[in-house]
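Report on the following structure.
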Amino acid sequence: MEVGQLQRQFVEHTASMFHEGFLDGQFSQLQQLQDESNPDFVVEVVSLFFQDSERLLNELTRALDQKCVDFKKVDAHVHQLKGSSSSIGAQRVKNSCFNFRNFCEEQNTEACFRCLQLVKQEYLLVKNKLETLFRLEQQILAAGGSIPMME
Amino acid sequence: MAFRMGNSSTKCSGSSKNCLATGNKFSVLVVDDDPVVQRIHRVFLNRFGFETQVVGNGKEAVDLYCSGASFHLVLMDMEMPVMDGPEATRELRGMEVSSMIVGMTSRDRDSEKQAFMAAGLDDCRVKPLTADIITSLLHQLNIKYQY
Chain Z
1 MEVGQLQRQF VEHTASMFHE GFLDGQFSQL QQLQDESNPD FVVEVVSLFF
51 QDSERLLNEL TRALDQKCVD FKKVDAHVHQ LKGSSSSIGA QRVKNSCFNF
101 RNFCEEQNTE ACFRCLQLVK QEYLLVKNKL ETLFRLEQQI LAAGGSIPMM
151 E
Chain Y
1 MAFRMGNSST KCSGSSKNCL ATGNKFSVLV VDDDPVVQRI HRVFLNRFGF
51 ETQVVGNGKE AVDLYCSGAS FHLVLMDMEM PVMDGPEATR ELRGMEVSSM
101 IVGMTSRDRD SEKQAFMAAG LDDCRVKPLT ADIITSLLHQ LNIKYQY
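Quick look at the structure:
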């Protein structure tokens, strides 16, 4: 595929991620922090987010599977996931954590379990889309092009 | 007023050549248990010309101060393991630490935010950290340290 086509795909994909609410302005702030002294900053931070989220989602699954659920522990994990998703601009993941915390306070196991499924779903969606974005970046650079700057 | 970086295994970064600081060198201690937030805060603050050190909970922050370190600004997360933000803030103020301590919280639960302020914060901001927040904190720091 030629560079121009790849660049157009990149722009369209990025725009749709913002338009559909997968990403918010915080992601743009991270992109602006990337420069020659931190050339892979966005990929590094997002990779950290993936690792951290997968750990937290596993912990949440384990915690909600217990006979006697420790809601304080569940709440702490959700809080951390909310914090890290908000700091990279993963808006839909962040939003899916809001109700989760309320149900922790109510100690409603079934509702918490449903929230966990929703959070997992949103996480997998944004992960997939970000991986596509990074793949397009690599393809553009490999073809000798430059990454379009987003407004 | 002399400011020294503490003894810690945490790497202390210098400023980026693209710093947007007023020209004054401020030191900041980031206190947060989230590795994603730690990474972002470090690069963000370095970009604004801060000398940044990062620790993972309130106890590490208190231990740093006990070891003789001091910072112009402490960015204190609220919920952390071992020692949370409010407790660490109370400890630091009990040690007569006069650094600017700014809490970083989530938007929900105003009562918790008020309790955090009552622990001795100079200010409390909502996460995530943004360029606007840093600019505003720089302004407050310039006034506090009368540069």
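Just so you know, the sequences run in chain order Z and Y.
Counting with the UniProt record's numbering, you get residues 1 to 151 for the letters of the first sequence.
Counting with the UniProt record's numbering, you get residues 1 to 147 for the letters of the second sequence.
A virtual CB, placed ideally from N, CA and C, is assigned to each residue, including glycine.
Note that the structure is predicted; figures quoted are calculated from it, not measured.
Coarse secondary structure for residue i, derived from DSSP in three states
| i | result |
| --- | --- |
| Thr22 of chain Y | Here the model assigns Thr22 of chain Y a pLDDT of 49, short of 50, so the residue's position is not dependable and the matter cannot be decided. |
| Ala90 of chain Z | strand |
| Cys124 of chain Y | strand |
| Asn108 of chain Z | coil |
| Gln53 of chain Y | strand |
| Asp75 of chain Z | helix |
| Ser27 of chain Y | strand |
| Asp65 of chain Z | coil |
| Leu48 of chain Z | helix |
Chain-ordered chain Y contacts of residue i [CB-CB under 8 angstroms]
| i | result |
| --- | --- |
| Asp52 of chain Z | Asp34, Pro35 and Val36 |
| His79 of chain Z | Glu79 and Ser106 |
| Glu44 of chain Z | Arg39 |
| Gln107 of chain Z | Near Gln107 of chain Z there are no residues of chain Y at all, since even the closest Cβ is about 17 angstroms away, more than 8 angstroms. |
| Lys82 of chain Z | Ser106 |
| Leu30 of chain Z | Ile40 |
Buried versus exposed, by CB contacts within 10 Å (16 or more), residue i
| i | result |
| --- | --- |
| Thr14 of chain Z | buried |
| Cys68 of chain Z | exposed |
| Gln26 of chain Z | buried |
| Asn46 of chain Y | buried |
| Pro86 of chain Y | buried |
| Ala142 of chain Z | exposed |
| Thr135 of chain Y | exposed |
| Pro128 of chain Y | buried |
| Val82 of chain Y | exposed |
| Asp84 of chain Y | buried |
| Thr52 of chain Y | buried |
| Gln107 of chain Z | exposed |
| Glu110 of chain Z | exposed |
| Gly68 of chain Y | exposed |
| Leu6 of chain Z | buried |
| Gly94 of chain Y | exposed |
| Ser84 of chain Z | buried |
Chain Z residues whose Cβ lies nearer than 7 angstroms to that of residue i
| i | result |
| --- | --- |
| Lys43 of chain Y | Correcting the residue type first, residue 43 of chain Y is Val in the shown sequence and not Lys. By Cβ distance, chain Z contributes Leu33, Asn38 and Phe41. |
Proximity below 7 angstroms, CB of residue i to CB of residue j
| i | j | result |
| --- | --- | --- |
| Val43 of chain Y | Asn38 of chain Z | yes |
| Ala88 of chain Y | Gly56 of chain Y | no |
| Leu75 of chain Y | Met117 of chain Y | no |
| Leu116 of chain Z | Leu81 of chain Z | no |
| Phe41 of chain Z | Gln34 of chain Z | yes |
| Lys97 of chain Z | Phe103 of chain Z | Per the sequence shown, residue 97 of chain Z should be read as Cys rather than Lys. No, the pair does not count as a contact, with Cβ atoms beyond the cut-off. |
| Ala61 of chain Y | Arg90 of chain Y | no |
| Glu122 of chain Z | Arg92 of chain Z | yes |
| Asp123 of chain Y | Val97 of chain Y | no |
| Val119 of chain Z | Ala90 of chain Z | no |
Per-residue contacts from residue i into chain Y (C-beta, under 7 angstroms)
| i | result |
| --- | --- |
| Ser86 of chain Z | Lys127 and Pro128 |
| Phe49 of chain Z | Val36 |
| Gln26 of chain Z | Pro128 |
Neighbour list for residue i in chain Y, Cβ cutoff strictly below 9 angstroms
| i | result |
| --- | --- |
| Ala76 of chain Z | Glu79 and Pro81 |
Cutoff 7 angstroms: residue i Cβ touching any chain A Cβ
| i | result |
| --- | --- |
| Gly4 of chain Z | The chain labelled as chain A is not found among the protein chains of the depicted structure, namely Z and Y. |
Distance cut-off 6 angstroms: residue i Cβ against heavy atoms of the ligand ADP
| i | result |
| --- | --- |
| Met17 of chain Z | The ligand ADP is not part of the structure shown, which contains no ligands of any sort. |
When Cβ atoms are compared, which residues of the segment 102-130 of chain Y fall closer than 8 angstroms to chain Z?
For the segment 102-130 of chain Y, the set of residues with a beta-carbon nearer than 8 angstroms to any beta-carbon of chain Z comprises Ser106, Asp108, Lys127, Pro128, Leu129 and Thr130, in chain order.
Which residues, in chain order, does the segment 47-78 of chain Y contribute to contact with chain Z at a C-beta distance below 7 angstroms?
When CB distances to chain Z are screened at a threshold of 7 angstroms, the residues of the segment 47-78 of chain Y falling below it are Arg47, in chain order.
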